[in-house]
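Notes to accompany the following structure.
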Amino acid sequence: MELVPQLIVSGIAAGSLYALVAIGLVLIYKATDIVNFAQGESVTVGAYMGWLCITQFRLPYFVAVVLVLAGSALVGMIVERVAYRPLLKSPPFTVILATLAVGLIIKNAIRLVWQDTPRTISGVFSAEPIEIGSVLITPERLAIMFTVALVVALLVLFFRFSKLGKAMRATAQSQEAASLMGISVPGIFSKTWALGSALGGLAGVLIAPLVGINTELGAVLVPGFVAAVVGGFTSIPGAIVGGILVGVLENLGGVFISSSFKQVVPFVVLITVLMVLPTGLFGKPLRKAV
Amino acid sequence: MAPLMVGARGNALARLWPYGLLLLLLAVLPAVVSSYALHILSTLGIAVILALGLNILMGFAGQVSLANAAFFGIGAYAVAVLGNGYGVTFWLALPLVALLTAGIGFLVGLPALRVSSHYLALATLAFVWTVQVVLINWVSVTGGSPGLTSSRSGLGLSAFRADWTYYLLILAVTTVMVVLAVNIVHSKIGRAFTAIRDNENAAEIMGVNLAKYKTLAFAINAFYCAVAGGLQAGLVRFLDPYEFGLWPSIWHLLYIVVGGLGSIPGSILGPLVLVSLPEALRGFAEYRELIFAVLMLLTLIYLPNGIAGGIDRLRQRWRADRATAGSNDTDAASAPQRQSATVLTTAHAPPAHGGISLEVAGLTLSFGGLKALQDASLTVKEGEIRALIGPNGAGKTTFLNLLCRVYTPDAGTMRFRGRSLLDVKSHDLVRLGIVRTFQNIRLFAKMTVLDNVLVGMHSHLDHGIIGCAWRLPGAMEEAREAQRKASLLLGYVGLEHARDMPAASLSFGQQRRLELARALAADPALLLLDEPASGLDKSEVAELLAVLHTIRDQLGVSILVIEHDMNFVMGLADRITVLDHGVVIAEGIPRDIQRDQLVIEAYLGKGHALVEA
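Protein sequences appear in the order of chains A and B. For what it's worth, our numbering labels the leading residue of the first sequence as 1, then goes sequentially. For what it's worth, our numbering labels the leading residue of the second sequence as 1001, then goes sequentially.
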């Protein structure tokens, strides 16, 4: 049982990455009612770009992070342009499939260029665990948790105080009203997809030193999605709580039930939440509209 | 694709012979093609079954699922394990496994009752993932990640050891599954599925039990996948757990997206293209996934209804060209030809409860702090036309939604012919004889005009999945009778010429009339009309007035109408109830209401007359 605090802490580290992916999904969903199934690929793109910048171009890690943010934002804008905008009049299901298709295209394009050979980068922080109380944690994981917390704080400030952030919130509430107030709604869509995707890319470059880089990194979409569902899918704090919950439960389940069970944990959580609390922990109850 | 045999038998033969010929051609193919091509054809047959199952669920019922490959895997492994491990013959194992898997499908469909498409995608994704983890880790039964060997003789299929005989078996099963699918989608079940897809609320009001039909769609989907899986267990030498994961599920999705969502021919064309294309692309193996992803994206953007939809569009254009080149008898056809309502009868027993149809007392509902309705009472007599009027925000629509069990009141009683409505579910109202129409018309946009009316009869059609799928005589008789009655109703509202057009293509006034015909199809004893005159021009309003009077006079249907248009209400209603701010402020015959000072103030403020004399 003395394992538990340890498992919880490392679960929080993994969970904060899920939270990043989840926030990206939530932002895009709130603005456009679409779940971006290519979000996982922005994680992959982030990781590969990090690898390119650091090991190929020998750039410092922090410069790499900035470039990754820009690059994965660009990916988001491309997805919006090819999968969302031409399908504005189609049912959401069609658009979701289209984002899935774009994700597959990106994944396979990466695979064609760099094959399936796994790659690694080393982070700036040490992977040598240090002891805090009774818990061992690597500075690397601490840095991830800290970075995610910082990003979330910046996001909150952005949405509350910046003009663009306010425009995004307005568009999420009513596209028509926002448009009448002089906000370019297509422009906001494009920027929202860019922002959501950039968060995925950030998760990619953060996770890369820990787990290595391969084309299957996009699978992180699944726990990220579960995190968003648990949090109610429209709430940023919800996505954070959901991400951490999934990360921690995954760790606990992996040790106390079985290691192969670890992969199933997000789904057990998902199904439970769907059955018991269909609107998630932070979602607003919906009255059926008639 | 047209229903296989609606008309006389000779007629059916004339229509079916091309299919027979095609089947014959497919059956003699083994004599001329290589064994490799035969294997591809067998795979194609299985793919068609998978696509059919998925299309019934997603294309027709509109329920998103990524679990297709999981059911496929369950079917394949279960048949293989039962046959090779326990000596259960294929002929017993296949139906057994298919039925059990249908049961699992039913369970997987349960979340569909509570959540919508995005969540459903994930819930089914969760399922496919879980099944794969089980297949990989339950080594003692499934053989784990190396896979499970299977052989036809192990399955008790020694007679089909030769590949060409097994191909014929697959061809036969696939044919049966295609016919069953055609029958299902053209029956009341298929209509219920499409109605749910097009408009859940309206489907429910027409008596479609959403819970039942959504889970049924999942069960049918699982059944099809399991049959495909069983056939797969005999086709391949060994089962690979990685072929039943998420990517194959997406692959199946691609079948129907490329072929055409909501189309049976599309469920055949999609696999045809996607199973043969990889063979053509064998030289570019590493680009395959990329090519398919691009293909999928292009299809979604440029052929939203798939290949089948594209062909349909071409055919329609060709037909339209021919029609304009021919005669211009369309004008004559579009003139409404009214038939007398006397041909219609109502199935509901004559008034039994002291001549009272609807009795509402003390109805109260608050949203947060806002009292939407406060102690509202209203009684509708049998055969009465009652109007409920009031300014915007008076609570009229809330009142209707309470009656239709969308909301539950905080207090009050609602009785229909003496029976309390508080414990009645939305979809059961129609069985009691209560049907509503919607202010913002809710038709099933992509269904034909005739099918819209047929959905209205849903609750009076008794035959289930077996009767519909196998076209049993009783079910066929019932379906023919329903069609006859639907045609009469269409004639009655002047839409007979449009019976095969999609509802969405009608003009606004025609859509209102169609919604009325659909409501009448359900044999209502009480019609609830939500602003039926809104958006109609003067002559259309006059027509509607006449139709509603006929419905009441000849069918004895009681009507509660919620309305804005004062002139319309004054000419229509026997009595009027006026709501303002959730409270009933007046009740009486039109003449008195017109002069009621409270009502005038509520509508216009002081010093105005309500209606020009």
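Heads up, the beta-carbon is just placed ideally off N, CA and C, and yes, glycines get one too.
Name the chain A residues that come within less than 7 Å of residue i, Cβ to Cβ?
i	result
B/Trp1251	Chain A residues near B/Trp1251: none, gap ~11 Å exceeds 7 Å.
B/Tyr1119	Val229 and Leu274
B/Ala1123	Leu270, Ile271 and Leu274
Give the C-beta separation of residue i and residue j to the nearest angstrom, bearing in mind that I take them to be a contact with Cβ-Cβ under 8 Å.
i	j	result
B/Leu1579	B/Ala1394	4 Å
A/Ile240	A/Ala19	5 Å
B/Leu1038	B/Trp1164	6 Å
B/Met1206	B/Arg1518	7 Å
B/Thr1101	B/Phe1223	7 Å
B/Val1128	B/Gly1245	6 Å
A/Leu112	B/Leu1290	7 Å
What residues of chain B sit near residue i, judged by a beta carbon separation below 7 Å?
i	result
A/Thr94	Leu1300 and Pro1304
A/Asn108	Glu1289, Leu1290 and Ala1293
A/Pro86	Ile1301
Please tell me whether residue i and residue j are closer than 7 Å, where the distance is taken between their beta carbons.
i	j	result
A/Ser42	A/Gly201	yes
B/Phe1060	B/Thr1215	no
A/Gly40	A/Ile244	no
A/Ala167	A/Ile188	yes
B/Pro1248	B/Ala1069	yes
B/Ser1042	B/Leu1235	yes
A/Ala13	A/Ala227	no
A/Ala31	A/Val79	no
B/Arg1499	B/Val1449	yes
B/Val1227	B/Ile1385	no
A/Gly224	A/Gly232	no
A/Thr94	A/Asn36	no
Select from the options the residue whose C-alpha is nearest the C-alpha of residue i.
i	options	result
B/Arg1513	B/Leu1489, B/Ala1323, B/Asp1321 and B/Val1584	B/Leu1489
B/Gly1147	B/Ala1195, B/Arg1237, B/Gly1229 and B/Arg1161	B/Arg1237
B/Gly971	B/Ser1539, B/Glu1481, B/Leu1052 and B/Pro1590	There is no way to answer for residue 971 of chain B, as the model of chain B reaches only from 1001 to 1613.
A/Val45	A/Gly243, A/Ile23, A/Arg85 and A/Ala198	A/Ala198
B/Ser1065	B/Trp1138, B/Arg1114 and B/Leu1125	B/Leu1125
B/Ala1202	B/Arg1442, B/Ala1542 and B/Val1179	B/Arg1442
B/Leu1495	B/Val1453, B/Ala1479, B/Trp1470 and B/Ile1220	B/Val1453
B/Arg1415	B/Leu1041, B/Thr1448, B/Gly1383 and B/Ala1361	B/Ala1361
B/Pro1502	B/Asp1523, B/Pro1473, B/Phe1508 and B/Asp1451	B/Asp1451
B/Thr1550	B/Val1081, B/Tyr1492, B/Asp1537 and B/Ala1479	B/Tyr1492
B/Gly1195	B/Leu1548, B/Gly1062 and B/Pro1409	The question names Gly, but residue 1195 of chain B in the sequence shown is Ala. Nearest option by C-alpha distance: B/Gly1062.
A/Ala194	A/Lys107, A/Arg85 and A/Ala70	A/Ala70
B/Pro1473	B/Arg1114, B/Asn1183 and B/Leu1113	B/Asn1183
B/Tyr1483	B/Val1455, B/Ser1507 and B/Ala1469	This sequence places Gln at residue 1483 of chain B; Tyr is not what is there. If we check each option's Cα against that of B/Gln1483, B/Val1455 comes out closest.
B/Ser1276	B/Ala1047, B/Leu1545, B/Gly1020 and B/Pro1030	B/Ala1047
A/Gly103	A/Lys89, A/Ala83, A/Ile236 and A/Ser184	A/Ala83
B/Arg1431	B/Leu1303, B/Ala1521 and B/Leu1013	B/Ala1521
What residues in its chain sit with their C-beta under 8 Å from that of residue i, if we drop five residues either side in the sequence?
i	result
A/Gly212	Pro118, Arg119 and Thr120
A/Asp116	Asn214 and Thr215
B/Thr1342	With a pLDDT of 43 at B/Thr1342, under the threshold of 50, the predicted position of this residue should be treated as unreliable, though the coordinate-derived value follows. Once the five neighbours on either side are set aside, the close Cβ partners of B/Thr1342 are Gln1554.
B/Trp1091	Gly1156
Please return the same chain residues whose Cβ sits closer than 6 Å to the Cβ of residue i, not counting the five positions on each side in sequence.
i	result
B/Gln1337	The predicted position of B/Gln1337 is uncertain, since its pLDDT is 44 and thus under 50; a value taken from the coordinates is nonetheless stated next. Cβ neighbours of B/Gln1337 beyond the five flanking positions: none.
B/Leu1529	Thr1437 and Val1561
A/Val68	Gly46, Met49, Gly50, Gly201 and Val205
By the criterion of Cβ-Cβ separation under 8 Å, what are the contact partners of residue i in chain A?
i	result
B/Thr1130	Val264 and Phe267
Identify the contact partners of residue i in chain B, using a Cβ-Cβ distance below 8 Å as the criterion.
i	result
A/Pro223	The premise fails here: A/Pro223 is roughly 11 Å from chain B at the closest Cβ pair, so nothing lies under 8 Å.
A/Leu245	Going along chain B, no residue has its Cβ under 8 Å from A/Leu245, so there is no contact; the nearest lies around 16 Å.
A/Ser42	Neighbours of A/Ser42 on chain B: none; closest Cβ ~16 Å, over 8 Å.
A/Ile105	Leu1290, Ala1293, Val1294 and Leu1297
A/Val102	Ala1293 and Leu1297
A/Ser90	Leu1300 and Pro1304
Using C-beta distances below 7 Å, list every residue in its chain close to residue i, excluding the 5 sequence neighbours before and after it, in chain order.
i	result
B/Leu1254	Leu1274, Phe1292 and Met1296
A/Lys107	Glu41, Thr44, Thr215 and Gly218
A/Val222	Pro266
B/His1564	Glu1531 and Ser1534
B/Leu1648	Any question about residue 1648 of chain B goes unanswered here, given that chain B covers just 1001 to 1613.
B/Gly1190	Phe1060 and Ile1184
Would you say the beta carbon of residue i is closer than 6 Å to some non-hydrogen atom of the ligand COA?
i	result
B/Asp1523	Ligands are entirely absent from the displayed structure, and the ligand COA is therefore not among its contents.
Interface residues of chain B around residue i at Cβ under 9 Å?
i	result
A/Val82	Leu1297 and Ile1301
Using the beta-carbon of each residue, which ones in chain A are nearer than 9 Å to residue i?
i	result
B/Ala1051	Going along chain A, no residue has its Cβ under 9 Å from B/Ala1051, so there is no contact; the nearest lies around 15 Å.
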